[in-house]
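Residue numbers (our numbering), protein chains in the order written: chain A, 1 to 257; chain B, 258 to 413.
By construction, the Cβ of each residue, glycine as well, lies at the ideal position given by its N, Cα and C atoms.
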């Protein structure tokens, strides 16, 4: 019984410690961010390329098909009420407010987050980070901050691209294949979607961008410096990002509704 | 050198694509009734029932959006809803005896204010009030009336 109690106590303290260290880590990154952005924009641009431009293919393909399937499902359900003209509204609302930010964040975690944490983990395992410290280069500033910033900048843009391609996919499926009127599709959408909805989507994408890149960098930086440790850190990045994004999504929606 | 160049080009393309996607979203998916004018004048009208009219709803004349509702509040003195809306100044010559009605776009669409021109020589100006108004049609009342009428019709 006492052993049990002590275990729970130890775990709770350890959890709190990790959580606190995570917050401090975030503050540290934010503190170094403006300086890196001004002094070494080249490093940040390279990471925007790595996390953003290289994720374009997966984002665009997935966006197209997510939009397409929303169009199909929306159409087949709305057709029961003879309301298939509203399919544009349904797709736009779902994509702009929910699926755009959430699915992009999940894809981002899978494509860019894993790359970030395995890269940083491997740098740590091969003592590159210690070598930097030895040369009086701050590895947090030189390695972590540009990667974090790159993700933060890339994410809202990726979400916007995902959403646009999704709308285009829905347009192809419903207008070109299922003969929904193209005017009704866009006009009903424009009549219903409010600038506030788009603002909500952008806000979510910024939050998810910060969370996803922060978790990826954090997991990589704290990886156990072995082959197995790096592998585990990569897995944890995806798992924790997915959980954090979905919980945050619920909370943001509940607050904003 | 060649490699950084292609990275920079790729990043530029990506950011440009993202920005244009954002621009597309903000301009093409919303709007339609997205009214914006630099120079406007405000007009008031009192309604017994505004239905589900909200601020930002369009104000239309002959079906063309010429303004936007700025506020819908309840006036405790008159016991009526006070609707304030702004109209683009380029439509300055609207007769002051025009009437305002709350209409619904489509069967279940959102509500807007429709103006119908009157015949007065004077035109609406900043702060003027529209006296001829028509309330929103509440579907429940309509159905209620219909049921009452058909009931009395059956008894005769």
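Mind reading off the beta-carbon distance from residue i to residue j? Whole number of angstroms is fine, and I expect it under 8 Å.
{"i": "residue 150(A)", "j": "residue 44(A)", "result": "6 Å"}
{"i": "residue 217(A)", "j": "residue 107(A)", "result": "At roughly 18 Å, the Cβ-Cβ gap does not stay under 8 Å, so residue 217(A) and residue 107(A) are not in contact."}
{"i": "residue 93(A)", "j": "residue 193(A)", "result": "7 Å"}
{"i": "residue 113(A)", "j": "residue 246(A)", "result": "15 Å between Cβ atoms; not a contact."}
{"i": "residue 154(A)", "j": "residue 13(A)", "result": "Actually they do not touch by this definition, with Cβ atoms about 36 Å apart."}
{"i": "residue 249(A)", "j": "residue 102(A)", "result": "5 Å"}
{"i": "residue 360(B)", "j": "residue 373(B)", "result": "10 Å between Cβ atoms; not a contact."}
{"i": "residue 241(A)", "j": "residue 109(A)", "result": "4 Å"}
{"i": "residue 350(B)", "j": "residue 298(B)", "result": "Not really, about 12 Å apart at Cβ, beyond 8 Å."}
{"i": "residue 167(A)", "j": "residue 286(B)", "result": "7 Å"}
{"i": "residue 329(B)", "j": "residue 312(B)", "result": "6 Å"}
{"i": "residue 147(A)", "j": "residue 132(A)", "result": "Incorrect: roughly 14 Å between the Cβ atoms, too far for contact."}
{"i": "residue 104(A)", "j": "residue 158(A)", "result": "5 Å"}
Is there a Cβ of chain B sitting closer than 9 Å to that of residue i, yes or no?
{"i": "residue 97(A)", "result": "no"}
{"i": "residue 164(A)", "result": "yes"}
{"i": "residue 3(A)", "result": "no"}
{"i": "residue 46(A)", "result": "yes"}
{"i": "residue 101(A)", "result": "no"}
{"i": "residue 13(A)", "result": "no"}
{"i": "residue 105(A)", "result": "no"}
{"i": "residue 49(A)", "result": "yes"}
{"i": "residue 136(A)", "result": "no"}
{"i": "residue 37(A)", "result": "no"}
{"i": "residue 195(A)", "result": "yes"}
{"i": "residue 201(A)", "result": "yes"}
{"i": "residue 210(A)", "result": "no"}
{"i": "residue 254(A)", "result": "no"}
{"i": "residue 53(A)", "result": "yes"}
{"i": "residue 112(A)", "result": "no"}
{"i": "residue 157(A)", "result": "yes"}
Of all the CB atoms in chain A, is at least one closer than 9 Å to the CB of residue i?
{"i": "residue 322(B)", "result": "no"}
{"i": "residue 341(B)", "result": "no"}
{"i": "residue 377(B)", "result": "no"}
{"i": "residue 290(B)", "result": "Here the model assigns residue 290(B) a pLDDT of 49, short of 50, so the residue's position is not dependable and the matter cannot be decided."}
{"i": "residue 331(B)", "result": "no"}
{"i": "residue 279(B)", "result": "yes"}
{"i": "residue 326(B)", "result": "no"}
{"i": "residue 265(B)", "result": "yes"}
{"i": "residue 282(B)", "result": "yes"}
{"i": "residue 349(B)", "result": "no"}
{"i": "residue 316(B)", "result": "no"}
{"i": "residue 367(B)", "result": "yes"}
{"i": "residue 271(B)", "result": "yes"}
{"i": "residue 319(B)", "result": "no"}
{"i": "residue 362(B)", "result": "yes"}
{"i": "residue 275(B)", "result": "yes"}
Name, in chain order, the residues that DSSP records as bridge partners for residue i.
{"i": "residue 390(B)", "result": "357(B)"}
{"i": "residue 368(B)", "result": "361(B)"}
{"i": "residue 373(B)", "result": "356(B)"}
{"i": "residue 343(B)", "result": "299(B) and 325(B)"}
{"i": "residue 338(B)", "result": "304(B) and 331(B)"}
{"i": "residue 380(B)", "result": "352(B)"}
Flag residue i as yes if its beta-carbon sits less than 9 Å from any beta-carbon of chain D, otherwise no.
{"i": "residue 174(A)", "result": "The structure shown has no chain D; the protein chains it does contain are A and B."}
Are the region 84-93 of chain A and the region 173-193 of chain A touching, with three or more C-beta to C-beta distances below 8 Å?
yes
So, do the region 121-136 of chain A and the region 94-106 of chain A have three or more beta carbon pairs nearer to each other than 8 Å?
no
Taking contact to mean at least 3 C-beta pairs separated by less than 8 Å, is the region 222-240 of chain A in contact with the region 121-134 of chain A?
yes
Note down, one range per segment and in chain order, each alpha helix (DSSP H) of at least 4 residues found wholly within the region 126-190 of chain A.
128-134 and 145-170
Across the region 337-353 of chain B and the region 313-320 of chain B, are there enough close Cβ pairs to call them in contact, namely three or more that are closer than 8 Å?
yes
If we count Cβ pairs, one from each stretch, closer than 8 Å, do we get three or more for the region 354-364 of chain B versus the region 266-273 of chain B?
no
Can you list the alpha helix (DSSP H) stretches of 4 or more residues lying completely in the region 10-79 of chain A, in chain order?
41-51 and 56-78
Any chance you could list the beta strand (DSSP E) runs of at least 3 consecutive residues sitting entirely within the region 300-330 of chain B, in chain order?
315-318
Any 3 or more C-beta pairs closer than 8 Å across the region 55-71 of chain A and the region 146-163 of chain A:
yes
Report the residue ranges of all alpha helix (DSSP H) runs contained in full by the region 195-237 of chain A; include only those spanning at least 4 residues, in chain order.
195-221
At least three beta-carbon pairs within less than 8 Å, the region 47-55 of chain A to the region 30-38 of chain A:
no
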